[in-house]
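**Student:** After the structure tokens below, expect a handful of questions from me.
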Amino acid sequence: MHPQPAPFALTLLGIESSCDDTSAAVVRWSEASGATILSNVIAGQTELHAAFGGVVPEIAARAHAEKLDLMVEAALAEAGLGLGALDGIAVTAGPGLIGGVLSGVMCAKGLAMGSGLPLIGVNHLAGHALTPRLTDGVAFPYLVLLVSGGHCQFLLVEAADRFHRLGGTIDDAPGEAFDKTAKLLALPQPGGPSVERTAAAGDPARFGFPRPMLDRPGCDMSFSGLKTALLRARDGCIAAEGGLRAGDRADLCAGFQAAVADVLAEKSARAIALYLERAPEQPVLAVAGGVAANATIRARLQQICAASGLRFVAPPLALCTDNAAMIAWAGIERTWLGLRDGMSLIARPRWPLDTSQAAMLGSGKKGAKA
Ligand code: KG4
Ligand code: ZN
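Written out as structure tokens, the structure reads:
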């Protein structure tokens, strides 16, 4: 049960537009029923960017501006509510592609001004990190591994506004590395699912890929070297055989995936050890982000949790990837803490969750997505 007894029910609209998904959602929390997602609608932009091999910020911003009001209308209609039935409007205020974030913040400000509802700015990463409370009612403090195409970090979540970053990638995010691997092997994008499929028939030991940074203490990680190792191994196959055979592709994918899984598992074990020093009553490791869909990685994390007596929480994939329900939920949590914003709320391209730490590459947002 949540520590804040009043008000007994809260219903928030959430708005998300920090990368290439325009999303709006209505989430209600009540003392009687807990959290309920009344609607969570998403318009993706994959086709708009397909020809460019990545998200084009200007195209993304324009598409958000065109779709935001439609998504808000659809989310309210699906929830069967009008603005008058809401208690607030939560919006991603960063980090992300600034044009998209700005579109969302302006839309939310207009709605808040017109309706007189409170406006709540949410850090997109906080949205991901608080999702295990929306889906599984996880109690503070818990450990979360955010692992997607744009970020990779361990966060100790102490409260809805208190996050301690235990470590993260110093270069590429794992999803980005999966996508680059797919590109190098001429497999379809997004790379995660196609590399995972191809790896199923492969021998993970054939190429002996490195496990970067396992020889260094702490929870920081690096994935960019793996890409270079993969490139060399691929070129070695091509030089020796005059081309890449299906078996080579499978072995390369399996070797790469095993290396990522080993690094994430070992660093998770270290993060768990730091977390357990706080003697949490109900220890939990939760995952968020698209890479959490990978069965090999998921199984390794599950094993590590079982060995350390932790509950492993993996929210449904639709709530692991970018969505507005997580933003509405973070807005509810902030409302409980009495945190709200006014018309001076700004859109921020970078916004590390743990402001006690010096900014470093990968600390907030690295790739196109966060
Ligand atoms: O969380 P997400 O949808 O978007 C953000 O990055 O915010 O994550 C997308 C990333 C992509 O890089 C994709 O290749 C990766 O997650 N991904 C996977 C799998 N499914 C998606 N990586 C590994 N294995 C998968 N099965
Ligand atoms: Zn995200």
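Residue numbers (our numbering): 28 to 397.
In this text, a Cβ means the ideal position worked out from N, Cα and C, and glycines have one as well.
1) Which residues end up in the neighbourhood of ligand 1 when you take C-beta atoms closer than 5 Å to any of its heavy atoms?
2) Which word fits aspartate 96, buried or exposed, when buried means at least 16 other C-beta atoms lie within 10 angstroms of its C-beta?
3) Could you check the C-alpha separation between glycine 394 and valine 318 for me, to the nearest Å?
4) To test your reading of the DSSP string, which unbroken beta strand (DSSP E) runs of 3 or more residues are found completely within the region 282 to 365?
5) Under 8 Å, with one C-beta from each stretch per pair, do the region 336 to 356 and the region 188 to 200 reach the 3-pair mark?
6) Look at the alpha carbon of serine 251 and the alpha carbon of alanine 204, and state the distance between them as a whole number of angstroms.
7) Do arginine 367 and proline 145 come within 7 Å of each other at the CB atom, strictly closer than that value?
8) Where does the unbroken alpha helix (DSSP H) through isoleucine 373 begin, and where does it stop?
9) Using beta-carbon positions only, say whether glutamate 360 and alanine 228 come within less than 7 Å of one another.
10) With a Cβ-Cβ cutoff of 7 Å, do cysteine 264 and leucine 271 count as a contact?
11) Hey, out of Ala374, Ala288, Asn350, whose CA is closest to valine 132's CA?
12) Taking Cβ positions, are serine 50 and isoleucine 69 nearer each other than 7 Å?
13) For glutamate 185, collect the residues of the same chain with a Cβ closer than 7 Å to its Cβ; drop the 5 residues on either side in sequence, then sort them by chain order.
14) Between which two residues does the beta strand (DSSP E) carrying phenylalanine 426 extend?
15) Could you check whether the region 233 to 245 touches the region 308 to 317, counting it as contact only if at least three pairs of C-beta atoms, one from each stretch, sit closer than 8 Å?
16) Inspect the CB distances between the region 252 to 259 and the region 283 to 297 and report whether three or more fall short of 8 Å.
17) So, with DSSP's three-state summary, where would you put tryptophan 378?
18) Alpha carbon to alpha carbon, how far is arginine 276 from serine 371? Give it in angstroms, no decimals.
19) What span of residues does the alpha helix (DSSP H) with leucine 15 cover, start to end?
20) In terms of residue numbering, what span does the beta strand (DSSP E) encompassing isoleucine 197 cover?
21) What is the rounded straight-line gap between the Cα of serine 60 and the Cα of glycine 107?
22) How long is the line joining the alpha carbons of alanine 139 and isoleucine 116, rounded to whole angstroms?
23) Could you say which of Thr119, Asp262, Gly148 lies nearest to aspartate 349 if we only look at CA atoms?
24) With DSSP as the reference, label aspartate 163 as helix, strand or coil.
25) Distance, Cα to Cα, proline 239 vs glutamate 293?
26) Alpha helix (DSSP H) containing arginine 367: first to last residue?
27) Leucine 40 by DSSP, collapsed to three states: which one?
**Tutor:** Taking the definition as stated:
1) Ser175, Gly176, Gly177, Gly202, Phe205, Asp206, Pro217, Gly218, Gly219, Pro220, Glu223, Gly316, Gly317, Val318, Ala320, Asn321, Thr348, Lys396
2) The residue given as residue 96 occupies position 69 in the sequence shown. By the 10 Å Cβ count, aspartate 96 comes out exposed.
3) Along the sequence shown, read from residue 1 onward, the residue named residue 394 stands at position 367. Along the sequence shown, read from residue 1 onward, the residue named residue 318 stands at position 291. With a pLDDT of only 43 at glycine 394, under the threshold of 50, the placement of this residue in the model should not be trusted, and no figure is reported.
4) Whole beta strand (DSSP E) segments, 3+ residues: 311 to 315, 338 to 340.
5) No, the region 336 to 356 does not touch the region 188 to 200.
6) Residue numbering aside, residue 251 sits at position 224 when the sequence shown is read from its first letter. Residue numbering aside, residue 204 sits at position 177 when the sequence shown is read from its first letter. Cα to Cα, serine 251 sits roughly 7 Å from alanine 204.
7) The sequence position of residue 145 within the sequence shown is 118, counting from 1. The sequence position of residue 367 within the sequence shown is 340, counting from 1. Yes, these two residues count as a Cβ contact at 7 Å.
8) Taking the sequence shown and counting its residues from 1, the one referred to as residue 373 is at position 346. From DSSP, isoleucine 373 is part of no alpha helix (DSSP H); its letter is neither H nor E.
9) On the sequence shown, position 333 is the one that residue 360 refers to. On the sequence shown, position 201 is the one that residue 228 refers to. Cβ distance not < 7 Å, so glutamate 360 and alanine 228 don't count as in contact.
10) Locating residue 264 in the sequence shown gives position 237, where the first residue counts as 1. Locating residue 271 in the sequence shown gives position 244, where the first residue counts as 1. Contact flag set, yes.
11) Sequence index remark: in the sequence shown, residue 132 carries index 105 (1-based). Nearest of Ala374, Ala288, Asn350 to valine 132, Cα basis: Ala374.
12) One-based indexing of the sequence shown puts residue 50 at position 23. One-based indexing of the sequence shown puts residue 69 at position 42. Their beta carbons are under 7 Å apart, which means serine 50 touches isoleucine 69 by this criterion.
13) Taking the first residue of the sequence shown as 1, we reach residue 185 at position 158. The answer, listed in chain order, is Phe167, Pro168, His191.
14) This structure leaves residue 426 out entirely; the chain is present only between 28 and 397.
15) no
16) yes
17) For the purposes of this step, residue 378 is taken as residue 351 along the sequence shown, with counting starting at 1. Coil.
18) For the purposes of this step, residue 371 is taken as the residue at position 344 of the sequence shown. For the purposes of this step, residue 276 is taken as the residue at position 249 of the sequence shown. Cα-Cα distance, rounded: 52 Å.
19) Residue 15 lies beyond the residue range present for the chain, which begins at 28 and ends at 397; the question has no answer from this structure.
20) Sequence index remark: in the sequence shown, residue 197 carries index 170 (1-based). Counting along the chain, isoleucine 197 falls outside any beta strand (DSSP E), and DSSP gives it neither H nor E.
21) On the sequence shown, residue 60 is found 33 positions in, with the first residue counted as 1. On the sequence shown, residue 107 is found 80 positions in, with the first residue counted as 1. For serine 60 and glycine 107, the distance between alpha carbons rounds to 18 Å.
22) Mapped onto the sequence shown, residue 139 falls at position 112. Mapped onto the sequence shown, residue 116 falls at position 89. For alanine 139 and isoleucine 116, the distance between alpha carbons rounds to 7 Å.
23) Here residue 349 corresponds to residue number 322 of the sequence shown, with the count starting at 1. With distances taken between Cα atoms, aspartate 349 lies closest to Thr119.
24) By one-based count along the sequence shown, residue 163 stands at place 136. Aspartate 163: helix per DSSP, three-state reduction.
25) As a working mapping, residue 239 is identified with position 212 in the sequence shown. As a working mapping, residue 293 is identified with position 266 in the sequence shown. Near 11 Å, if we compare the C-alpha coordinates of glutamate 293 and proline 239.
26) Numbered from its first residue, the sequence shown carries residue 367 at position 340. It is not in any alpha helix (DSSP H) - arginine 367 carries neither H nor E in the DSSP assignment.
27) Residue mapping note: residue 40 aligns to position 13 of the sequence shown, counting from 1. Strand, per DSSP.
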